[in-house]
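Taking the numbering used here, the leading residue of the sequence shown gets 229, the next gets one more, and so forth. Below is one structure, written out as structure tokens; the observations come after it.
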Amino acid sequence: MFKDRASGLRENWQGLIRLLKAAAAGEFTVVRVAGQDRLARFGTQWRSALLARDGAGVEVAHPKGSAGGVEELLADFMSLVATFAGRMYGIRDREAKRRLLDAAGGDVG
229 MFKDRASGLR ENWQGLIRLL KAAAAGEFTV VRVAGQDRLA RFGTQWRSAL LARDGAGVEV
289 AHPKGSAGGV EELLADFMSL VATFAGRMYG IRDREAKRRL LDAAGGDVG
């Protein structure tokens, strides 16, 4: 089993790299994923083609358009909003602390 916990926008997925190397070595013939976006958010066509070239097919348990896919997409979107909101408020908090320390003549740590 190959697992990755990485951003869909980053390209450094260690699990995906191991999967592609194992496919090239002929270690399996089928890649089963819950949804197409579990293999990758973007570029799923070329990844499927690369796996096919190495003799491995991709089976999707929940094809696009199923109700589970919509719910999963909504959950992913909410996670993104929460992540960026947290970063934004973290930046604001650091800036406010810096201003207070500057006003008090302290050093930012």
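Backbone N, C-alpha and C fix where the C-beta goes; we use that ideal spot for every residue, glycine too. Computed from a prediction, not measured in an experiment: that's the story for all the values here.
Checklist line | Environment of valine 298 [buried if 16+ CB atoms lie within 10 Å] | finding: Valine 298 comes out exposed.
Notebook entry, point to check: Would DSSP call glutamate 287 helix, strand or coil?
Noted result: strand
Notebook entry, point to check: Closest to glycine 173 by CA distance: which of Leu248, Ala332 and Asp330 is it?
Noted result: Absent from the model: residue 173. The displayed extent of the chain is 229 to 337, so no value can be given.
Next item on the list: Could you give the DSSP three-state label for arginine 320: helix, strand or coil?
Entry: helix
Note to self: Tell me which residues share the same chain as phenylalanine 256 and place their Cβ nearer than 8 Å to its Cβ, disregarding the 5 neighbours each side in the sequence.
What the structure shows: Ala250 and Ala284
Margin query: Taking the beta carbon of glutamine 273 as the centre, do at least 16 other beta carbons fall within 10 Å, making it buried, or is it exposed?
Written below: exposed
Next item on the list: From the DSSP output, in three-state form, read off arginine 233 for me.
Entry: coil
Next item on the list: Would you kindly check if the distance between the Cβ of valine 259 and the Cβ of leucine 279 is under 8 Å?
Entry: yes
Next item on the list: Please work out which residues of its chain come closer than 6 Å, Cβ to Cβ, to alanine 324, disregarding the five sequence neighbours upstream and downstream, and give them in chain order.
Entry: none
Check: If alanine 289 sits next to alanine 253, beta carbons under 8 Å apart, how far is it from one beta carbon to the other, in whole angstroms?
Finding: No, alanine 289 and alanine 253 are not in contact; Cβ-Cβ is about 25 Å, not under 8 Å.
Note to self: For aspartate 282, which residues in the same chain have their Cβ closer than 6 Å to its Cβ, ignoring the five residues on either side in sequence?
What the structure shows: Ala251 and Ala252
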